[in-house]
Amino acid sequence: MFMDSLVRELFTEICQIPLIDPHSHINPHRPASRTLDDILGYHYYTELAHSAGMDQKPLAADVEPRQRVRTILAHMDHFDNTAQYAWFLDIARTFLGFSGERVTAADADTLWDAAERLMAQPDWEDKVLHLSNIEKIFLTNDFDDPLEGFDTTRYVPCLRTDDLVFRLDKPEVRQRLAKATGIEVDDAANLRRAIGKLFEYFTRHGAKACAISLPPDFTPLPPFSLPPDRGGIKKEEAFWMLAEYCRDFRLPFDLMIGVNRRVYRNGVYQGQDLFDQRTSLLQYAELFNAFPEVTFCISVLSSGQNQELVSHSWIFPNVVASGHWWYSNIPAYIETDLRARLQAVPKTKQIGYYSDMYKLEFGLPKFNMYRRILARVLADDFVRPGILGETRAVELARCLLRDNVKRIFQV
Amino acid sequence: MFMDSLVRELFTEICQIPLIDPHSHINPHRPASRTLDDILGYHYYTELAHSAGMDQKPLAADVEPRQRVRTILAHMDHFDNTAQYAWFLDIARTFLGFSGERVTAADADTLWDAAERLMAQPDWEDKVLHLSNIEKIFLTNDFDDPLEGFDTTRYVPCLRTDDLVFRLDKPEVRQRLAKATGIEVDDAANLRRAIGKLFEYFTRHGAKACAISLPPDFTPLPPFSLPPDRGGIKKEEAFWMLAEYCRDFRLPFDLMIGVNRRVYRNGVYQGQDLFDQRTSLLQYAELFNAFPEVTFCISVLSSGQNQELVSHSWIFPNVVASGHWWYSNIPAYIETDLRARLQAVPKTKQIGYYSDMYKLEFGLPKFNMYRRILARVLADDFVRPGILGETRAVELARCLLRDNVKRIFQV
Amino acid sequence: MFMDSLVRELFTEICQIPLIDPHSHINPHRPASRTLDDILGYHYYTELAHSAGMDQKPLAADVEPRQRVRTILAHMDHFDNTAQYAWFLDIARTFLGFSGERVTAADADTLWDAAERLMAQPDWEDKVLHLSNIEKIFLTNDFDDPLEGFDTTRYVPCLRTDDLVFRLDKPEVRQRLAKATGIEVDDAANLRRAIGKLFEYFTRHGAKACAISLPPDFTPLPPFSLPPDRGGIKKEEAFWMLAEYCRDFRLPFDLMIGVNRRVYRNGVYQGQDLFDQRTSLLQYAELFNAFPEVTFCISVLSSGQNQELVSHSWIFPNVVASGHWWYSNIPAYIETDLRARLQAVPKTKQIGYYSDMYKLEFGLPKFNMYRRILARVLADDFVRPGILGETRAVELARCLLRDNVKRIFQV
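Chains as they are written, first to last, in this note's numbering: chain C, -8 to 402; chain H, -8 to 402; chain D, -8 to 402.
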């Protein structure tokens, strides 16, 4: 995105705001990359390379990582138009000393060696965080994660609950749950006790949010309104319990709405999921009405649903618009969605952005992409028309990138 | 929105066009505000303040209005990023002599006093209309509105029919209908006679349109195609009669499509309604086919449906694209929707904008918001590429803001 | 669209790329217009004139063509704001020597005479193609088209299959099929043999694609998964066979998704079709999974579905995003949709644009519309932010406008 001098000034100021990243998939025991394979193993690169013609053999566990990286880079000229390629270029330049115009297959070994050397530094993690100006990062923890052995003030635990709602019929999930809670779950009453134990454990270990991703056709309903059934625990029942515990434990509930899993069944790992635009936040009306005390931080997968998110955040006091997720996390959609949110949602009810990253090195390029767009929208829609001065525009950015996260999640 | 010199020139010219506002909720017996409470009591402010954390106590009838205004203003710094805040700032500057950069809680008493003094002037209504360059304003009249005691050439009656279709099962609605028409409605034949009386009364009293708002799942169908039923008057039946009377009385029919009522059940007054993006104008195909003589002026609640509106107005001679409604009435959506309409719908089939206002003071900031966007779109999409000269661009604006309204509604 | 110097330079360079137009309705025996009636008889003009108030009498076969043209032009000032009007102006200027600012009814006879004189030139077809820089054009051939008497390297055959899936219950379609293949089709086995013959014939005669348009509620499913039925050949069964033959004959399958036929039943010829935004590419998941060897070139009718198209092209190796179709073929939607595709879909998996034209003269204004937008998006999103140099930006354009078409369709 082109930046004139006002946009550049705003961008520079916004970059000074220390970030709290409210959603990631960082492994706190190994947060930074150790090789270039950690970077290019991100599903965005494997799926784009596969989509552009790479078969899956290079992704097998027994392939030499350096060779895998060569193969992925060899396909990159098929997708060097994408935002994801631009993230990689940003990483190569910022963290790996790359100074070329484009990354191509010819750079594979140089980049591999640079990465190996640099990432081996004992303070690499700190360096990356410092360069990225990130202060805290929220995690995505399985319900049976022990949450031990890392600094939970830097890496903030978050109880991820997809398994408890959508995979509770799987024996291995019940076994993990039994092991974590000491409770053999076979009915709703048991499940309630087990979930209670999880919430206790997680909040005692610094968890600041509960989170779940939901398919487009899911409609949360209170248990009493569900049709009678042959038995078993219904998804809606489990979900409703989670909302009740969020209320009781005063945890915000992150709802990531709209993903269909395993649509492309032979896709690469984590590159199989898509969505169905035929979904509505109206499906959540009962939930939002029933839990006025719970803050629901909502992400939607399709930009088409952004107006519903804007309108629901504008009307429901307990609904917050959160980030730009996955398939909507490209500049064209971020810009459109952000403009509408800034024009219609109270500024205190917007979580600007989260990285969704698996490795720390992605924080910088992803937040940079967002901050560039934010700077331009603030310039065009607020500063130039005389609605806000530059200082106030940067305050608005701080609200989105830091203050709201601190207040909403109490960190 | 930033205006370069071409945009500013176009905006200035467009502001010279005397407006006919084809949809409002003005009370013609009390069109202008009398206090600041009338301004800040607009549901946009009460709902945004509530969404941002204000409880509903200040909104109770027994709260001193000046105190209510203070409380709402005290919450405004939570939503001073919104388009609605910008309207208020525009009102404060244009009508209340405010000269600050931002309105805050500290301005409550000064603004209150200024409003009290200024709005007490006997010619306040005329002043507001004059400053706003508004010539005529359409009303939204209940079916039992006597339509007397006001100038119907300035305040044009419009028969609002939601009650007749969606609340006819309520005894109080039937009683009001009996009182207004002398007919006790208990079947379709009675209803037809009663509605006939209403159309006669309304058109005799200067009504120029029939209007209704519709939920996203409503599908108008001719009575013969409806499934048989236990009895009672079906919504579709009542709706179809309205279309028949619009045809017989040559009234355009305003359809405001897409609102779900009472979604947030504990919301503030008029701040409870939302929408479901899963709706289609295809639901109206039978209606548009069956009534080629009726002009249907269509508003859609979600910007996502704008392309359907564009395409239907492009294909159906009796479909007109009308205004930018409610949740789509923010610059980001107006701009997107307007550009598509200007590129694909015959210019004679577009009603540019309506205020939807309850108090006259909102005409100016709302139309200004629209006119600024219109000026920019005309500059970027028509004048700069050499498609229209400036004079013709302003004529196109006049078509949207005045000529089409005059011709379509015969005012 | 306004073009600054960078955009203008890019546009000029992009215009040098010889085009291969991968979808049109050209009649190869009469590709160019012979009169102005051929131009203004395009459904865009008849339907816009009708939508803006023209009745259908001037469209009758027995009306003198010159008179019909006068009547359509007399209505043009009702839609001279549209993109379609801009195409006509471009044609009048480029091909008919028109030098005015606007075309009006007063120009009817002059333009008629100019067209008559110019189009009678024996090399008119070649001149138009040369001026338009178009090298090859794909056709839309009925299954019983003999495909003879024209140069199939210039006009590339494409098997259009709507009849075989959606109108196979019509006796006249079965008769045409029997005549073309020698097979009386009365069950699925027969149909399979008949379609096999068609694929053989078409590929032997230079066909490079199979194509079909599909209604928004269609969901392709494998035959074994269909519910049992009273008999007859199911649409899904016929469609699945086509995909199987595309696989066996290595033909890409163009899916044009989302059109409802005959929505406005009294509309002009080809001006009756609309769409329903409630549709999803998820409906095609089984198909995309079942035929990894078939390249599906997908067009969607509504811009709202573009994000699904972007995401499916990003994930599925066999899905390609293709062109900007019909109701989405206006600058406002092309720009939005194109930006998202360029940011998220591998560049090798995008077919930039096709003309969809019936007469050669429309190639130039339609591709120009696209190229102007492409030049601006490349400037704003790639060149100015330093992601691509100008030369590489033009290479990206060549990929979209030429290289991908050549590779995907093997021409």
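Even for Gly, the Cβ is constructed at its ideal location relative to N, Cα and C. Keep in mind the model is a prediction, meaning the values are calculated, not measured.
Under the three-state DSSP convention, the category residue i falls into
i	result
MET110 of chain D	helix
ASN251 of chain H	strand
TYR146 of chain H	strand
ASN132 of chain C	strand
ARG93 of chain H	coil
LEU292 of chain C	coil
VAL164 of chain C	helix
LEU242 of chain C	coil
ASP29 of chain D	helix
ALA43 of chain D	coil
ILE11 of chain H	strand
GLN341 of chain D	strand
THR194 of chain C	helix
ALA229 of chain H	helix
ASP117 of chain D	helix
TYR349 of chain C	coil
SER271 of chain C	coil
HIS303 of chain H	helix
ASN297 of chain C	helix
Among the options, the one whose alpha carbon lies nearest that of residue i
i	options	result
ALA384 of chain D	D:ARG367, D:ASN395, D:ARG398	D:ARG367
TYR36 of chain H	H:LEU64, H:PRO56, H:ILE11	H:LEU64
ARG330 of chain H	H:GLU191, H:ALA202, H:ASN297, H:ARG61	H:ASN297
ILE364 of chain H	H:TYR324, H:TYR349, H:PRO376	H:TYR324
MET(-6) of chain H	C:VAL396, C:ILE186, C:ASP371	C:ASP371
GLU299 of chain D	C:ARG165, C:VAL119, C:ARG269	C:ARG269
GLU55 of chain H	H:LEU27, H:TYR76, H:THR73	H:LEU27
ALA180 of chain H	H:ASP154, H:ASN132, H:ALA229	H:ALA229
PHE141 of chain H	H:LEU1, H:ARG21, H:PHE2, H:TYR255	H:ARG21
Residue i versus residue j - alpha carbon distance
i	j	result
ASP394 of chain H	PHE129 of chain H	15 angstroms
LEU391 of chain C	GLN341 of chain C	6 angstroms
GLY44 of chain D	ILE306 of chain H	11 angstroms
MET247 of chain H	ASP81 of chain C	47 angstroms
LEU182 of chain C	LEU351 of chain C	35 angstroms
VAL(-2) of chain D	ILE378 of chain D	16 angstroms
GLY258 of chain H	GLU38 of chain H	7 angstroms
SER290 of chain D	LYS127 of chain D	20 angstroms
GLY187 of chain H	PHE287 of chain D	56 angstroms
PRO211 of chain D	SER304 of chain D	18 angstroms
ALA77 of chain C	ALA335 of chain D	11 angstroms
LEU233 of chain H	ILE125 of chain H	30 angstroms
ARG25 of chain C	ALA106 of chain C	7 angstroms
PRO376 of chain H	PHE190 of chain D	46 angstroms
GLY32 of chain D	VAL374 of chain H	28 angstroms
Cross-strand partners of residue i (DSSP beta bridge)
i	result
PHE266 of chain H	H:VAL250
ARG151 of chain D	D:ALA202
VAL310 of chain H	H:PHE287
LYS127 of chain C	C:ILE11
Chain C contacts from the stretch 281 to 304 of chain H (Cβ-Cβ distance under 8 angstroms): SER293, SER294, GLY295
May I ask you to list, following chain order, the residues of the stretch 66 to 79 of chain D that have a beta carbon less than 7 angstroms from some beta carbon of chain H? HIS69, PHE70, ASN72, THR73, ALA74, ALA77
Between the stretch 305 to 316 of chain H and chain C, which residues of the former have CB atoms less than 7 angstroms from a CB of the latter, in chain order? none
Under 8 angstroms (Cβ pairs) to chain C, residues found in the stretch 231 to 258 of chain H: ASN251, VAL254, TYR255, ARG256, ASN257, GLY258
Residues of the stretch 33 to 47 of chain C with a CB closer than 8 angstroms to any CB of chain D: list them in chain order, please. GLU38, LEU39, HIS41, SER42, ALA43, GLY44
Positions along the stretch 378 to 394 of chain C whose CB lies within less than 7 angstroms of some CB in chain H: So the close ones are ILE378, LEU387.
Interfacial residues, the stretch 317 to 328 of chain H to chain C, with Cβ spacing under 7 angstroms: For the stretch 317 to 328 of chain H, the set of positions with a beta-carbon nearer than 7 angstroms to some beta-carbon of chain C reads TYR318, ILE321, PRO322, ALA323, TYR324 in chain order.
The stretch 332 to 344 of chain H: which residues have C-beta closer than 7 angstroms to a C-beta of chain D, in chain order? LEU333, GLN334, ALA335, PRO337, LYS338, THR339, LYS340
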